[in-house]
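Participant: Just passing along the structure, written as structure tokens.
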Amino acid sequence: MIEDVPRWWQSGLIYQIYPRSFQDSDGNGIGDLVGIRQRLDYLQDLGVDAIWLSPMFVSPMKDFGYDVADYCAIDPRFGTMEDFEALLADAKARGIRIILDLVPNHTSDQHAWFQEARSSRTSPKRDWYLWSDPAPNGGRPNNWLSEFGGPAWAFDAATDQYYYHAFLPEQPDLNWRNPDVRAAIYDVMRFWLGKGVGGFRVDVLWHLLKDDARRDNPANPGWHEGMSPTQRLLPIYTTDLPDMQSIVREMRAVVDEFDERVLIGELYLPIERLVRYYGAELDGAHLPFNFALIEAPWHARELDRLIRDYEAAVPHGGWPNWVLGNHDKPRIAGRVGIGQARVAAMLLLTLRGTPTLYYGDEIGMPQATLSVAEARDPVERNVPGFGLGRDGCRTPMQWDSSLNAGFTTGTPWLPIATDDPAVTVAAQAGDPGSMLALHKRLIDHRRRHPALSLGGFHPLAADGDILLYQREHGGERFLVALNLGPTEADVALEASVRARIAIATEPQREGESIAGTFTLGPDEGLVLELVD
Ligand code: GLC
1403 MIEDVPRWWQ SGLIYQIYPR SFQDSDGNGI GDLVGIRQRL DYLQDLGVDA IWLSPMFVSP
1463 MKDFGYDVAD YCAIDPRFGT MEDFEALLAD AKARGIRIIL DLVPNHTSDQ HAWFQEARSS
1523 RTSPKRDWYL WSDPAPNGGR PNNWLSEFGG PAWAFDAATD QYYYHAFLPE QPDLNWRNPD
1583 VRAAIYDVMR FWLGKGVGGF RVDVLWHLLK DDARRDNPAN PGWHEGMSPT QRLLPIYTTD
1643 LPDMQSIVRE MRAVVDEFDE RVLIGELYLP IERLVRYYGA ELDGAHLPFN FALIEAPWHA
1703 RELDRLIRDY EAAVPHGGWP NWVLGNHDKP RIAGRVGIGQ ARVAAMLLLT LRGTPTLYYG
1763 DEIGMPQATL SVAEARDPVE RNVPGFGLGR DGCRTPMQWD SSLNAGFTTG TPWLPIATDD
1823 PAVTVAAQAG DPGSMLALHK RLIDHRRRHP ALSLGGFHPL AADGDILLYQ REHGGERFLV
1883 ALNLGPTEAD VALEASVRAR IAIATEPQRE GESIAGTFTL GPDEGLVLEL VD
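Following this line, the structure appears as structure tokens:
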């Protein structure tokens, strides 16, 4: 359903920046807020409506910012509060909103709350975290596992109890059943909303509540030796608990205290459970992140099915969204190849729903292969050999062919993924055949034609490697035809239909008239404007 006046987060494009890797302004090899500010012209020109910044709060950086030691202060590696406010103001002047990453599930073990909580069993903040006595045999309280390898309970010798950490031991989980914890995080939200941020992407939203009785998680019947040991159990008592919806409602109510803000949730869940996070009365997250395209095998029939299933599952009045990549998952160009990455971009930017674009994907940055010595991600170090390491998708943005791709004058914290000068903004900016130019045309077209952003979505029957669907709004109709395979394929239009190619993955075809049957080349995608 299109509301009378669509919200900016419905019609717009969200662009994710991993601040460590976007632009370094002071030569320490780590990106920063001043660097992002310097690149706002680029983002405006690309056509982004909002930037989601991965965490830039004070942090010991055990999990590169997802271990927050102070929710209301900027880590000096990224800059100062003045830098943040200047970025916010300059972005606003360009019509770009800033969405922050809220990490409410856990803090850093260096956060003052945890320091206080661990100081004694009678600390007023003890119950802000999840403590448990050892089991009768002196061992861990139950079998819960950390997502980052090993058991999820760490022993605190000083107070003779264990605390729960879904991620690193340096990331103790907060106790979301404690109303003071909830109130404290809601105040953090108000602090940033009051400064004018556009909303939040909420980290691991489905993790916030854990079973009060602390029952063992059951074995995962689908687990086998080739799978990561972190998947040995089904996390039914540690994630997606039934009472999560009341928490999401509370968060949404805080966001709604301010005008026109957005609440986005990170949720790795099957579609039917994911869509519950819209809330029974659409009073939950505006955009429960839909990672179906990240997780699905890249086959036309598979995608066709998941798109239909997702469209059918989104509640009436709820707004869809799509994601191809983020700072935790292998880059799209690495997963599907650079030819298909163009098709994927066309898909992302023509489906119904808000697209989130991961920095660097617009120039086809590859998934980097790092040596063991270069690895920085704790997941790679703790659970090696399962391809879970996330450094390969976090390498520095490639601006030009100068030193370190223009990212830093110092030593970059992660290596540059490729020294191919063609995979840079500078090389692609002037080349109409480039990945960047394709993104710009698609984003621009989307902006000028509501049929592509807000319009109705109609999947069409197709075979083999072809994906076909129509978008329409207010008398405008577009047919999107994507070839997900490496061989040519024909697509037949109804005899009476006349069309013009509006956007093509290879721009030479743009403007071509089409009637009857047309051919899609290997890895080719076309957006056809139907003219009658
Ligand atoms: C989320 C973040 C990831 C982080 C984890 C723990 O999944 O996206 O980067 O490591 O939460 O905070």
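Basically the working numbering = 1-based index in the sequence shown + 1402.
Glycine included, every Cβ here is placed at the ideal spot set by N, Cα and C.
1) Residues near the ligand GLC, CB to any non-hydrogen atom under 5 Å, in chain order?
2) In the DSSP output, what is A1621 paired with across the bridge?
3) Suppose the cutoff is 6 Å on Cβ atoms and the five residues either side in sequence are ignored; what does the same chain contact list for G1497 look like?
4) Which word fits D1443, buried or exposed, when buried means at least 16 other C-beta atoms lie within 10 angstroms of its C-beta?
5) Mind checking L1805: buried by the 16 CB within 10 Å criterion, or exposed?
6) Between which two residues does the beta strand (DSSP E) containing R1900 stretch?
7) Take every Cβ of the stretch 1727-1735, pair it with every Cβ of the stretch 1755-1772, and state whether three or more of those distances are shorter than 8 Å.
8) Is the Cβ-Cβ distance between V1929 and V1882 less than 7 Å?
9) Can you name the start and end residues of the alpha helix (DSSP H) that G1468 belongs to?
10) Does the pairing of the stretch 1608-1619 with the stretch 1559-1578 give three or more beta-carbon distances under 8 Å?
11) Under 6 Å Cβ to Cβ from D1779, same chain only, skipping five residues before and after it: list those, please.
12) Buried or exposed: where does A1906 fall if 16 or more other Cβ atoms within 10 Å of its Cβ makes it buried?
13) Quick one, are the C-beta atoms of M1799 and Y1760 less than 7 Å apart?
14) Between V1450 and M1629, what straight-line distance do the alpha-carbon atoms span, to the nearest angstrom?
15) Hey, would you say G1431 sits closer than 7 Å to P1814, going by beta carbons?
16) Buried or exposed: where does Q1418 fall if 16 or more other Cβ atoms within 10 Å of its Cβ makes it buried?
17) Whole angstroms is fine: what's the gap from W1724's alpha carbon to W1533's?
18) According to the Cβ coordinates, are A1714 and V1677 closer than 7 Å?
19) Using the beta-carbon count (16 or more within 10 Å), is A1904 buried or exposed?
20) Residues in its own chain within less than 8 Å of R1879 by CB, not counting five upstream and five downstream?
21) Hey, D1605 and V1505: beta-carbon distance below 7 Å or not?
22) Tell me the rounded alpha-carbon separation between E1484 and D1711.
23) Compute the Euclidean distance between the alpha carbons of S1522 and R1499, then round it to the nearest angstrom.
24) Please determine, among P1690, G1789, N1580, the residue with the shortest C-alpha to C-alpha distance to P1964.
25) Over what stretch of residues does the beta strand (DSSP E) that includes A1894 continue unbroken?
26) For M1837, which residues of its own chain have a beta-carbon under 8 Å away from its beta-carbon, when the five flanking residues on both sides are left out?
27) Could you spell out where the beta strand (DSSP E) holding A1917 opens and where it closes?
28) Run through the DSSP bridge pairs and tell me what I1476 is partnered with.
29) Suppose you measure from the CA of D1642 to the CA of E1914; what does that come to, to the nearest Å?
30) What are the complete alpha helix (DSSP H) segments, minimum 4 residues, inside the stretch 1487-1549?
31) Return yes when at least one heavy atom of the ligand FAD lies under 6 Å from the C-beta of I1438, else no.
32) Can you tell which of E1896, F1660, N1622, W1555 has its C-alpha closest to the C-alpha of R1616?
33) Excluding five sequence neighbours on each side, which residues of the same chain lie with their C-beta closer than 7 Å to the C-beta of I1404?
34) Which residue comes first and which comes last in the beta strand (DSSP E) that contains E1878?
Facilitator: Here's the rundown:
1) D1465, Y1468, F1569, D1605, V1606, D1730
2) L1635
3) none
4) exposed
5) exposed
6) 1900-1906
7) yes
8) yes
9) In the sequence as displayed, the identity of residue 1468 is Tyr instead of Gly. Looking at the DSSP string, Y1468 is not in any alpha helix (DSSP H), and its letter there is neither H nor E.
10) yes
11) G1791, R1792, D1793
12) buried
13) no
14) 38 Å
15) yes
16) buried
17) 37 Å
18) no
19) buried
20) A1853, Q1872, R1873, E1931, L1932
21) yes
22) 45 Å
23) 43 Å
24) Residue 1964 falls outside the range modelled here, since the chain spans only 1403 to 1934, and no answer is possible.
25) 1891-1894
26) I1740, A1743, R1744, A1747, E1764, I1765, G1766, Q1830
27) 1915-1917
28) F1459
29) 50 Å
30) 1514-1519
31) Only the ligand GLC can be found as ligands here, which leaves the ligand FAD out of the picture.
32) W1555
33) Low local confidence applies: a pLDDT of 45 at I1404 is under 50, so the model's placement there is unreliable, and no value is given.
34) 1878-1885
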